Amino acid sequence: MTTRKKNPIWTLFTSVKLALFLLFILAATSILGTIVQQNQPAARYVQEYGENMANILQMFDITDMYNSWWFLSLLGIFSLNLIVCSLERIPNVIRIVKKDNLTTKTERLRKMGLRKSLVLSVPLEEGARQVSLFLASKGWKTEQREKDGGVLLFAQKGGWTRFGVYIVHLSILIILLGAVIGSPTFARKILHKPDFAFKGSIMIPESKKTNFIYSFQNGEKIDLGFTVQCNFFTIEYYNNGMPKTYLSKVSVVENGKPVILKNGTTVHDLKVNKPLTYKGITFYQSSYQPYSDFLVLLSNKSTNEKQSLIIPAGKQVRSKMEKVSFGIINQETRGEAVQRIKIWFTDNKATPATFWTNNGQKAIIKRPSGEYEMTVKQLYATGLQVTKDPGVWFVYTGCGMMLFGLFTAFFMSHRKIYAFVHEEDGRHGILFAGSAHKNKVGFEKVFTELIDAFKQHIT
Amino acid sequence: MNSSQLFGITTLCYLLSSAFYIGLLIFKNRKIGTIGLILAIIGVIAQTVALGLRWVESYKLGIGHAPLTNMYESLVFFAWCTTLFYIFLEIKFKARVVGAFVMPFTVAAMAYASFAKGINQQISPLIPALQSNWLIAHVLTCFIGYGAFAVAGGLGLMYLLKKSAVNKGMTDGALTGSLPELKIIDDLTHKTIVFGFMWLSAGIITGAVWANEAWGTYWSWDPKETWSIITWFVYASTLHARFTRGWSGSRIAWLAIIGFVSVFFTYFGVNFLLSGLHSYGSS
Ligand code: HEM
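As they're listed, the protein sequences go chains A and B.
Positions 0 to 458 (numbering that gives the first Met the number 0) are the ones given, in order, by the first sequence.
Positions 0 to 282 (numbering that gives the first Met the number 0) are the ones given, in order, by the second sequence.
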């Protein structure tokens, strides 16, 4: 300890002054990034701030400042400060918690903030026994030792709460560690394993599948290691026209077979706030794109033949079912969304049928060759954000620890009770004394109530 | 009676309560203060019922959700948290006249919610991004914190006023004579900040979890997130300055005020001056 203390760099990092300074600098510089919009195209900055200023912003990475070397270094120094400062103090806390409190000088009890003297009418040993039993019955386990012509009893609670502060400090480090582990940059540049942690996206048209995504960082393909399929996409609206739900029905396919997912089926209803996680990779509903093509599901009820295909409007298409052809000859749209579709359908046995049907609604077509079921809907692609973040559980653990640690540090305390059973001026007496390292007012109440209850108890 | 009428009654109660508390400050008549407290309690009860009613009304409209989803609802909730926290503080610590420094905040929030242009009072359906239980946890925790910080800011202001009066050698006759002892204000400020800090931390955490559920990123440094962490840094510094460097008194009072300015900016300034993800708060 003594040699380390002399090292001026160590000393600097043990100081809370540095911590205050760093907190201030972090707060102050963070403001910058909320004023200068982040990660815009270079031209935007030139337009907004002029050539020279834009250059300065680029030079100091202020256009992406939270990932800049200097901001990350600040966080690094902050962490180091936190580690060193805590390491420096923890041994002392351990000493306090482990301390043999029975060595406390009995004169010191007479100077403690919380004191109460009682007269005792029984022998000293008997008095000590009563105190010990009584305190134990109230959850205060005592230890005792004969000294200074009497018996000193001691009980304590919540010694561990002195570590609350360090739980908080450790939690900050764990959160930062989690952020590093889950960082795509770290995975790419340090681990050289871009599929260790990534963020990207993919557009999957209905009925199509993919086994890769595009990284946000550099647009490169990243293999998923399995296949995701979008079976279906739809948007539901409230009566006032606001979007209510964006829904993609997705499946995971491995070795050509759909996988049973956590919900027990092969289809997950992917919505905003209802992501799908599979093998550590999470899919989020993030956007969509309407197409001018249509998705057609056709089945022949008599033969149970089924077919799904994507067709453009205004084109006659021949089905794989015998003699069946169909096409979309008209449509009604609202904005980009198709509402109704006019279908032309023939089995070459009678005059072709033409009829209107709602987008996505099942239509039954009765023909001489049998009964057909047909669903036509505008084709959409669902836009998924895809994330792999192996650090997130560190972050969550850190968050939990932080709340626990804050609660401990703020609202719990290390409380001690001493009882000195002794002889004074020819009479037997007990001197109670107590201390708490926090919330002294609260403890004073507990202490007073305890002593009052004891008085009741012995009389 | 519907929820908006009840919110009207709430605003009126808070306004009168503020007036009585200010009356207490000036005339130092305990009875006036008691009326202020009673009005605040009636107001908070009316508001609780109103919040419940609004919740029920949203279900009747078929778009049921907790009343915590837009600027109007968050302002009302902020007023509710602040008042509730203040009433608790007054009853527990008997610091009555503090109401003169706190209740006006709640009147301002309620009045702004009701009368400001561009604040939509309708119960509106939730867009997909907001359909999450984490939203409720997030708003709840943040605003309990904000409520406490508002009270801490009021206490800080009070401390500085009293301090300047003491420095000028004013006696009990002066306006500030009825304020609690400096030491007591200082202690209350600290306790309030500690309480708020706990909830702000929980608010930031629940927000991060929600963002991760909705967007796959628990932290994206958007302006609102960044300002919330700035606020958190400010209060963390305040706590450290007090615990480890023994700061107290005027410095802590100033930090309580600066902290609340930062809260205020996180809540309002970001919506109006900066752009980002949390745009839902702006209507
Ligand atoms: C550079 C970073 C930091 C350093 C060096 C540092 C250092 C310290 C020190 C020395 C103490 C006093 C421990 C004692 O009682 O002896 C302390 C207390 C504390 N720190 Fe930090 N700290 C840092 C950052 C933070 C941050 C960011 C938080 C945010 C939550 C935090 C939360 C606390 C809390 C809650 C206490 C408890 C105060 C108490 O109840 O005694 N610290 N810190």
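In this text, a Cβ means the ideal position worked out from N, Cα and C, and glycines have one as well.
Quantities reported herein were computed from a predicted structural model and do not represent experimental measurements.
Do you know how far the Cα of A/SER85 is from the Cα of A/VAL459?
Nothing can be reported for residue 459 of chain A: it is not among the residues displayed for chain A, which extend from 0 to 458.
Looking at the strands, I want to know which residues DSSP matches up with A/HIS421.
As a working note, residue 421 of chain A is residue 422 in the first sequence. Bridge pairing for A/HIS421: A/GLY149 and A/GLY428 [DSSP].
What in chain B is Cβ-close to A/LEU430, meaning under 7 Å?
Within the first sequence, the letter at position 431 stands for residue 430 of chain A. Correct list: empty, because the minimum Cβ distance to chain B is about 29 Å.
Is the Cβ-Cβ distance between A/ILE416 and A/ALA154 less than 8 Å?
Counted from its first residue, the first sequence places residue 416 of chain A at position 417. Counted from its first residue, the first sequence places residue 154 of chain A at position 155. For A/ILE416 and A/ALA154, yes; Cβs fall inside 8 Å.
Can you tell me the Cα-Cα spacing of A/VAL15 and A/PRO7, whole angstroms?
In the first sequence, residue 15 of chain A corresponds to position 16, counting from 1. In the first sequence, residue 7 of chain A corresponds to position 8, counting from 1. Answer to the nearest angstrom: the Cα atoms are 15 Å apart.
For the alpha helix (DSSP H) holding B/ASP186, just list the boundary residues, first then last.
Indexing the second sequence from 1 puts residue 186 of chain B at position 187. Boundaries of the alpha helix (DSSP H) around B/ASP186: 181-214.
Interface partners of B/ARG244 on chain A, CB under 7 Å
Translated into the one-based positions of the second sequence, residue 244 of chain B becomes position 245. In chain order: VAL15.
If you drop the 5 nearest sequence neighbours on each side, which residues of the same chain put their C-beta closer than 6 Å to that of B/GLY215?
The count along the second sequence starts at 1 and reaches residue 215 of chain B at position 216. Taken in chain order, the list of residues that qualify is empty.
Taking B/TRP214 as the query, report the chain A residues whose CB atoms sit under 8 Å from its CB, ordered along the chain.
Working through the second sequence from its first residue, we reach residue 214 of chain B at position 215. One finds TYR283, SER285 and GLN384 in chain A with Cβ atoms closer than 8 Å to the Cβ of B/TRP214, taken in chain order.
Where A/MET52 falls, given that 16 or more other Cβ within 10 Å makes a residue buried
Along the first sequence, one-based indexing puts residue 52 of chain A at 53. By the neighbour-count rule (16 or more Cβ atoms within 10 Å), A/MET52 is not buried but exposed.
C-alpha gap between B/TYR279 and B/GLY61, whole angstroms:
As a working mapping, residue 279 of chain B is identified with position 280 in the second sequence. As a working mapping, residue 61 of chain B is identified with position 62 in the second sequence. Reliability of the predicted coordinates at B/TYR279 is poor, the pLDDT of 43 falling under 50, and no value is obtained from them.
Taking the continuous alpha helix (DSSP H) assigned at A/TYR48, which residues delimit it?
In the first sequence, counting from the first residue as 1, residue 48 of chain A sits at position 49. Note, A/TYR48: alpha helix (DSSP H), 41-48.
For B/GLY32, count neighbouring Cβ atoms within 10 angstroms of its own Cβ and tell me buried if that reaches 16, exposed if not.
Here residue 32 of chain B refers to the residue found at position 33 of the second sequence. Looking at its Cβ environment, which holds 16 or more other Cβ atoms inside 10 Å, B/GLY32 is buried.
When the distance is taken between beta carbons, is A/VAL249 closer than 8 Å to A/LEU223?
Walking along the first sequence from the start, residue 223 of chain A turns up at place 224. Walking along the first sequence from the start, residue 249 of chain A turns up at place 250. Taking 8 Å as the cut-off, the beta carbon of A/LEU223 is found no closer than this to the beta carbon of A/VAL249.
Extent of the continuous alpha helix (DSSP H) to which A/THR209 belongs:
Walking along the first sequence from the start, residue 209 of chain A turns up at place 210. Element bounds for A/THR209: not the alpha helix (DSSP H) but the beta strand (DSSP E), 208-214.
Which listed residue (A/THR396, A/VAL375 and A/GLY149) has its alpha carbon closest to that of A/GLN306
To locate residue 306 of chain A, count along the first sequence from 1; it is residue 307. Comparing Cα-Cα distances from A/GLN306 to each of A/THR396, A/VAL375 and A/GLY149, the minimum goes to A/VAL375.
Are there any heavy atoms of the ligand GDP lying less than 7 Å away from the beta-carbon of A/ASN358, as far as the coordinates show?
The ligand GDP is not part of this structure, which contains only the ligand HEM.
A/ARG481 bridges to which residues according to DSSP?
Since the first and last residues shown for chain A are 0 and 458, residue 481 of chain A lies out of range.
Does the segment 108-123 of chain A come close enough to the segment 56-74 of chain A that 3 or more CB-CB pairs lie under 8 Å?
no
Give me the Cβ distance between A/GLY199 and A/ILE189, rounded to the nearest whole Å; I'm assuming they're in contact under 8 Å.
Residue 199 of chain A sits at position 200 when you count from the first residue of the first sequence. Residue 189 of chain A sits at position 190 when you count from the first residue of the first sequence. With a Cβ gap of about 19 Å, A/GLY199 and A/ILE189 do not count as contacting.
A/VAL227 lies in the beta strand (DSSP E); which residues open and close that run?
Walking along the first sequence from the start, residue 227 of chain A turns up at place 228. Start and end: 220-236.
Below-8 Å beta-carbon distance, A/PHE409 vs any chain B residue:
Translated into the one-based positions of the first sequence, residue 409 of chain A becomes position 410. At least one chain B Cβ lies under 8 Å of A/PHE409.
Just curious, the alpha helix (DSSP H) that B/ARG29 is in, first and last residue?
For the purposes of this step, residue 29 of chain B is identified with residue 30 of the second sequence, where counting begins at 1. Run containing B/ARG29: 29-59, per the alpha helix (DSSP H) assignment.
Looking at the C-beta of B/TRP253, does it have a partner C-beta in chain A at a distance below 8 Å?
Position 254 of the second sequence, counting from 1, holds the residue named residue 253 of chain B. It does not; no Cβ of chain A falls within 8 Å.
Grab the span of the beta strand (DSSP E) containing B/GLU224 for me, first residue to last.
Stepping through the second sequence from its first residue, residue 224 of chain B is reached at position 225. From DSSP, B/GLU224 is part of no beta strand (DSSP E) but of the alpha helix (DSSP H) over 222-244.
Distance, B/ASN270 Cα to B/ALA115 Cα
Position 116 of the second sequence, counted from the first residue, corresponds to residue 115 of chain B. Position 271 of the second sequence, counted from the first residue, corresponds to residue 270 of chain B. So the two alpha carbons sit approximately 15 Å from each other.
Starting from the Cα of B/TYR13, find the closest Cα among B/GLY22, B/LEU139, B/SER2 and B/ILE41 and give me that residue.
Here residue 13 of chain B refers to the residue found at position 14 when the second sequence is read from its first residue. Of B/GLY22, B/LEU139, B/SER2 and B/ILE41, the residue nearest in Cα terms is B/ILE41.
For B/ALA240, decide whether its Cβ has a neighbour in chain A, counting only Cβ atoms nearer than 8 Å.
The sequence position of residue 240 of chain B within the second sequence is 241, counting from 1. Closer than 8 Å: yes.
Buried/exposed call for B/GLY35, threshold 16 Cβ in 10 Å:
Looking up residue 35 of chain B in the second sequence gives position 36. Buried, by the Cβ-count rule.
Return the residues of the segment 230-249 of chain A that lie within a Cβ-Cβ distance of less than 8 Å from chain B, sorted by chain order.
TYR237, ASN239, MET241, PRO242, LYS243, THR244 and TYR245
For A/LEU383, name the three-state secondary structure that DSSP assigns.
Against the first sequence, residue 383 of chain A aligns to sequence position 384. Note: A/LEU383 maps to strand in three-state DSSP.
Does any residue of chain B have a CB that is nearer than 8 Å to the CB of A/PHE406?
Locating residue 406 of chain A in the first sequence gives position 407, where the first residue counts as 1. So yes, A/PHE406 belongs to the interface.
DSSP three-state call for A/TYR245: helix, strand or coil?
For this step, residue 245 of chain A is matched to residue 246 along the first sequence. Reduced to three states, the DSSP call for A/TYR245 is strand.
Which residue comes first and which comes last in the beta strand (DSSP E) that contains A/GLN330?
Your numbering for residue 330 of chain A matches position 331 in the first sequence. Note, A/GLN330: beta strand (DSSP E), 324-333.
Taking just the CA atoms, how far does B/GLY155 sit from B/GLU89?
Here residue 89 of chain B refers to the residue found at position 90 when the second sequence is read from its first residue. Here residue 155 of chain B refers to the residue found at position 156 when the second sequence is read from its first residue. Those two C-alpha atoms are separated by around 16 Å.
contact_flag[the segment 72-86 of chain B, the segment 141-149 of chain B] where n(CB pairs < 8 Å) is 3 or more:
yes
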